[in-house]
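First the structure, in the form of structure tokens, and then the observations on it.
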Amino acid sequence: NKMKKIIQICANWSANQVEILRQYGIVTEEGCNSIFIEEEKLSENVYSLLKEWRVMLAKGVEFSKKEILQSEYCIIDSCNSFGYPKPDGDFGYRELTYLMTNYCETCGISKIQKDAFRISKISKAKLWSLEWIYDEIFVEKSAYEAVFRPFGIACRCVKKYKKETIIDSVVQLVIPDTDQPVDLSEYEYEVCPVCGSRKYHPAVKGFFPLQENPTLHLYKSKEYFGSGASASKKVYVSAPLRDKMLEYKLAKSYWFVPCVRK
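Under the numbering used here, think of the first position of the sequence shown as 17, with each following residue one higher.
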């Protein structure tokens, strides 16, 4: 099995559209839902129809388990997400959690964590991320001790919102940044009109580029990804750590995107 380029098509389908698609061998139901089709199987005729109907198309990729497990490094491209950093009204968590000296309000780049995240509820999952914060990972304390600490990965505390007490059962992983760039020439980007920073489109196009000389088991990209005021980095994980995360059922294999040096 090899990587497949997939197109997700979302729409509120009418009975007429369902019938027309069926004639092209594409099965869907009336109402709101998504269809996933391999890009190479999407004919020009259907593509034209979809554009005419103005339905939403999103491109993605699907890797075989073998491609994921044979990769020296992966990025963690999806994760359980649960709850919001607090206070969430008017993004109040930013001032509380981050040093905002160089922060750009327009593109969301350059905030540096200075204090613990405050949360009001704990996820039932052993590993998760918070909404809005795509490049930080929270882990059940026992899972941290078993899986991450042996790899030399540090952690920091998480606090209970309003009470300001430390939550004993959960930690945040400390994920350092790399200063090694990667070749993102295939990725579209936007340049912030205010601070001039470059931010790349977050959707993965294929095997993800890897730095020339990665040395850590867990680290963040030098580059930022996102759109609008959302900015985050890609989180890289080594094969031994990825395999440990899978062994302890902290992650699903399809969360990982295999990397390759370009």
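Yeah, the Cβ is synthetic: ideal placement off N, Cα and C, and Gly gets one too.
Compute the beta-carbon to beta-carbon distance between residue i and residue j, rounded to the nearest angstrom, for a pair I have assumed lies under 8 angstroms.
i: valine 251; j: phenylalanine 79; result: Not quite, the Cβ-Cβ distance comes to about 17 angstroms (not below 8 angstroms), so this is no contact.
i: proline 101; j: leucine 146; result: 5 angstroms
i: tyrosine 114; j: lysine 130; result: 6 angstroms
i: glutamine 188; j: arginine 172; result: 5 angstroms
i: isoleucine 22; j: glutamate 56; result: Contact flag wrong, Cβ pair sits at about 10 angstroms.
i: valine 255; j: glutamate 88; result: It should be noted that the sequence gives alanine, not valine, for residue 255. So it is a contact: roughly 6 angstroms between Cβ atoms.
Going along the chain, which residues of its own chain have a beta-carbon closer than 8 angstroms to the beta-carbon of residue i, five neighbours each way excluded?
i: proline 225; result: Val198, Asp199, Leu200, Cys275, Val276, Arg277, Lys278
i: threonine 194; result: Gln227, Pro230, Leu232, Tyr235, Lys236, Ser237, Lys238, Tyr252
i: valine 62; result: Leu37, Tyr40, Ile42
Report the residue from the options whose alpha carbon sits nearest the alpha carbon of residue i.
i: glutamate 111; options: Asn96, Ser94, Ala132, Lys142; result: Ala132
i: isoleucine 191; options: Ser64, Glu161, Tyr109, Glu152; result: Glu152
i: glutamate 204; options: Gln196, Ile53, Pro218, Val187; result: Pro218
i: cysteine 120; options: Trp271, Gly212, Ile42; result: Gly212
i: alanine 27; options: Gly47, Ile53, Phe167; result: Gly47
i: serine 139; options: Val186, Leu85, Asp93; result: Val186
i: valine 71; options: Ala247, Gly222, Gln33, Pro256; result: Gln33
i: lysine 2; options: Trp69, Leu85, Asn96, Cys173; result: The chain is shown from 17 up to 278; residue 2 falls before or after that span and cannot be answered.
i: lysine 175; options: Tyr109, Ser97, Leu66; result: Tyr109
i: lysine 20; options: Glu35, Leu58, Ser30, Ala31; result: Leu58
Let's see if you can read the secondary structure: which residues bound the alpha helix (DSSP H) around residue i?
i: asparagine 49; result: It is not in any alpha helix (DSSP H) - asparagine 49 instead sits in the beta strand (DSSP E) that spans 47 to 54.
i: alanine 31; result: 31 to 39
For residue i, which residues of its own chain have a beta-carbon under 6 angstroms away from its beta-carbon, when the five flanking residues on both sides are left out?
i: valine 207; result: Arg214
i: alanine 267; result: Met261
i: phenylalanine 98; result: Ser139, Trp144
i: asparagine 9; result: The structure shown has nothing for residue 9, since the chain only spans 17 to 278.
For the beta strand (DSSP E) holding residue i, just list the boundary residues, first then last.
i: glutamine 188; result: 182 to 189
i: aspartate 62; result: The question names aspartate, but residue 62 is valine in the sequence shown. Where valine 62 is concerned, there is no enclosing beta strand (DSSP E), although the alpha helix (DSSP H) it sits in stretches over 60 to 69.
i: lysine 81; result: No beta strand (DSSP E) holds lysine 81; the alpha helix (DSSP H) holding it covers 81 to 85.
i: cysteine 208; result: Taken as a continuous stretch (DSSP letters only), cysteine 208 belongs to no beta strand (DSSP E), as it is neither H nor E.
i: valine 163; result: That residue, valine 163, is in no beta strand (DSSP E); it is neither H nor E in DSSP.
i: arginine 202; result: In the sequence on display, residue 202 carries glutamate and not arginine. Note, glutamate 202: premise wrong, no beta strand (DSSP E); not H, not E.
i: lysine 268; result: Here lysine 268 belongs to no beta strand (DSSP E), and DSSP marks it neither H nor E.
Return the chain-ordered list of same chain residues with a C-beta closer than 7 angstroms to the C-beta of residue i, the five sequence neighbours on each side being excluded.
i: tyrosine 264; result: Ala159, Ala162, Val163
i: glutamine 24; result: Ser50, Phe52, Ala74, Gly76
i: alanine 247; result: Cys123, Gly124, Ile125, Lys215, Tyr240
i: lysine 67; result: none
i: glutamine 196; result: Gln227, Glu228, Asn229, Lys238
Runs of beta strand (DSSP E) lying entirely within the stretch 90 to 153, each at least 3 residues, in chain order
143 to 146
Ignoring anything shorter than 3 residues or poking outside the stretch 233 to 258, list the beta strand (DSSP E) runs there in chain order.
234 to 241, 248 to 254
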